[in-house]
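The opening position of the sequence shown corresponds to residue 18 in our numbering, with each subsequent residue numbered one higher.
Idealized CB from N, CA, C, for every residue including glycine.
Shown next, in structure tokens, is the structure this report addresses.
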Amino acid sequence: TAQLGAYHFNCIKNAAQCLDGQVPIHKVGIVARDDLTLVVHLEHPTPYFLELLACSTYAPIPHKKVLEDEEWAFCNGKPLISNGPFVLKRWQKGIRLKLEKNPSYWRAEEVTISGIFLHVVQENSLRHYLFEQGQIDWMGDPLSPLSDDVIEARCIQKDLMSSEIYGVNWLFLNTKKFPFQNKNFRKALALAIDREGIQQQLLQAAAQKECRFALSPFCDEACHDFVGDQRARAQLLFNSALSEMGIDRSSFPEIKLSYSPLGIHPKLVHLIQNQWEETLGIKVILDPMVKPLLLNQMVQGDYQIGCLFWVSPIADPIYMFGIFRSAHDQVNLSRWVNEDYQKLIIRSEYEQNPEKRKKLLIEVEKFLMEEMPVIPVCLGTALYMKDKKLENASVSPLMEVDFKYATFVDK
């Protein structure tokens, strides 16, 4: 959503303050030197800024187009403003999209395919049939999730491909609602999840990875509590939480886990539901809904537990950790705030020594492990299949598929 996407700009001087209405837009640290040059002033040292610039959120839009039509982003039957190697030529909503090679693209001579058809096919079985018949060339992430039947079918295991993603399946806990204000209860929920079992069932074609709060190049022991059977510890933490809240198991309320079936694998939430009920003896209600409604309810704080696949636009963990910097940021869906955590985040943002910054970020992850405002379930992996003749097309760590260099080669 626009509210969550605005978080990408917080490293720019006064951007966050402008979005909050504290300063006028001309105070934001972006200056147009000429028609082709922008000068950006940063709020703090940002070693990952060039990575952020590669994010689609930063794709430039001609200023005159915005002045001509304030609703340019909503299409409304008009041609969509496009950036990149392909442009949108036709959009039949609910049926298909037609993309054509962009002759104005700055490296158009390197784009070999003339266009792309994106077909909207709701039924998993029909998508698989069309793929087997050679009528579609790509099936799976990030365009459409593969079904259990496809992932588990031994006959196609050799054709199943995987890519590591800068993302985590997160369970956001609304810390403003009972009983999620209690830290020990949040930790009990986190340790009652059998992550190894989940990875074995959901990510059969992918390498097994140790779960973390964010995918990062930093190696530490902050999340070793997620390894192995932690059910006994989870039960002890739950008992402590019950004592602190002054209630017993018989009066403990049922809790609701909200998710979008198109954004999160349904099997994942069913596994979590079963594990919580078996280990902690609590009642868990699953609440599926379309993703726009889920995001809106979470932004408004109208939920208990929300399951989202959260992708970082950069390899640096600060993007994921910074989500919990302020209770006022709409991206902080857990509504959790801690003054000591805020100070630690600010120190890491302003630290210019790479080794010292690394140590601070390790402390940040340990802090999250102790407080658990969000529960990481498993790191992201994209699973997909493509035509054997299709080359130079793969899923990036940003959970995006790039067809710029794609080509078909006879074999």
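Per-residue burial, residue i [other beta carbons within 10 Å of its own, 16 or more giving buried]
| i | result |
| --- | --- |
| isoleucine 204 | Before going on, a small fix: residue 204 reads as lysine here, not isoleucine. So lysine 204 ends up on the buried side. |
| asparagine 409 | exposed |
| glycine 397 | buried |
| proline 120 | exposed |
| valine 418 | buried |
| leucine 325 | buried |
| lysine 403 | buried |
| arginine 342 | buried |
| threonine 18 | Per-residue confidence for threonine 18 stands at a pLDDT of 46, beneath the threshold of 50, marking its modelled position as unreliable; no derived number is given. |
| valine 48 | exposed |
| proline 334 | buried |
| alanine 207 | buried |
| tyrosine 146 | exposed |
| glutamate 127 | exposed |
| proline 390 | buried |
| arginine 212 | buried |
| asparagine 27 | buried |
| valine 56 | exposed |
| serine 267 | exposed |
| serine 260 | exposed |
| glutamate 294 | exposed |
| glutamine 369 | exposed |
| arginine 124 | exposed |
| alanine 258 | buried |
6 Å Cβ shell around residue i - same chain, five flanking residues per side excluded
| i | result |
| --- | --- |
| valine 40 | Asn31, Gln34 |
| arginine 364 | Leu377 |
| asparagine 141 | Ser164 |
| asparagine 186 | Phe326, Val394, Cys395 |
| lysine 106 | Lys115, Glu117 |
Inter-residue Cα distance where the pair is residue i and residue j
| i | j | result |
| --- | --- | --- |
| threonine 63 | tyrosine 122 | 29 Å |
| tyrosine 11 | histidine 136 | Coverage of the chain is limited to positions 18 through 428, which leaves residue 11 absent and any answer about it impossible. |
| proline 16 | serine 99 | This structure cannot settle anything about residue 16, because the visible part of the chain is limited to 18 through 428. |
| leucine 288 | glycine 46 | 47 Å |
| leucine 297 | tyrosine 367 | 42 Å |
| proline 278 | isoleucine 299 | 23 Å |
| isoleucine 331 | proline 414 | 9 Å |
| leucine 219 | methionine 315 | 25 Å |
| lysine 373 | isoleucine 379 | 10 Å |
| leucine 67 | leucine 59 | 12 Å |
| isoleucine 281 | aspartate 265 | 32 Å |
| aspartate 427 | isoleucine 130 | 14 Å |
| glutamate 388 | lysine 405 | 47 Å |
| phenylalanine 195 | phenylalanine 91 | 39 Å |
| phenylalanine 197 | methionine 306 | 22 Å |
| methionine 386 | phenylalanine 425 | 47 Å |
| glutamate 85 | isoleucine 42 | 20 Å |
| leucine 322 | glutamine 217 | Looking at the sequence provided, one finds isoleucine at residue 322 rather than leucine. Computed Cα separation, rounded: 24 Å. |
| alanine 209 | leucine 254 | 10 Å |
| tyrosine 422 | alanine 76 | 20 Å |
| aspartate 176 | proline 159 | 17 Å |
| leucine 143 | lysine 95 | 31 Å |
| isoleucine 340 | phenylalanine 189 | 11 Å |
| serine 411 | serine 180 | 8 Å |
Cutoff 7 Å; reference residue i; Cβ partners in own chain excluding five residues on either side
| i | result |
| --- | --- |
| leucine 133 | Looking at the sequence itself, residue 133 is isoleucine, so the reference to leucine does not match. Closer than 7 Å at the Cβ level, and outside the excluded window around isoleucine 133, lie Phe103, Leu116, Phe420. |
| glycine 157 | Leu163, Leu400, Tyr401, Met402 |
| isoleucine 215 | Leu285, Leu288, Val394, Cys395 |
| valine 83 | Trp89 |
| arginine 113 | Phe134, Leu135, His136, Val137 |
| valine 328 | Ile182, Tyr183, Gly184, Gly397, Leu415, Met416 |
Residues near residue i in its chain [Cβ-Cβ closer than 8 Å; skip 5 each side]
| i | result |
| --- | --- |
| arginine 352 | Asn191, Thr192, Lys193, Gly318, Ala344 |
| phenylalanine 384 | Asn355, Asp357, Tyr358, Leu361 |
| isoleucine 302 | Glu271, Ile272, Lys273, Leu274 |
| glutamate 238 | With a pLDDT of 47 at glutamate 238, under the threshold of 50, the modelled position of that residue is not reliable, and the figure given next carries that caveat. Closer than 8 Å at Cβ, skipping near neighbours: no residue. |
| glutamine 290 | Leu274, Val301, Leu303 |
Per-residue DSSP class, three states only, for residue i
| i | result |
| --- | --- |
| histidine 43 | helix |
| threonine 63 | coil |
| tyrosine 183 | strand |
| glycine 214 | helix |
| leucine 97 | coil |
| histidine 136 | strand |
| glutamate 417 | coil |
| methionine 156 | strand |
| methionine 1 | The question about residue 1 has no answer here: the residues shown for the chain are numbered 18 through 428. |
| phenylalanine 91 | helix |
| cysteine 72 | coil |
| valine 128 | coil |
| proline 283 | helix |
| isoleucine 112 | coil |
| alanine 251 | helix |
| serine 365 | helix |
| cysteine 35 | helix |
is_contact[residue i, chain B] using C-beta, thresh 8 Å
| i | result |
| --- | --- |
| valine 83 | Checking the listed chains, one finds no chain B in this structure; it contains a single protein chain. |
Which ranges does the beta strand (DSSP E) cover as unbroken runs of at least 3 residues, wholly within the segment 297–359, from first to last along the chain? Within the segment 297–359, the complete beta strand (DSSP E) runs of at least 3 residues are 301–305, 322–328.
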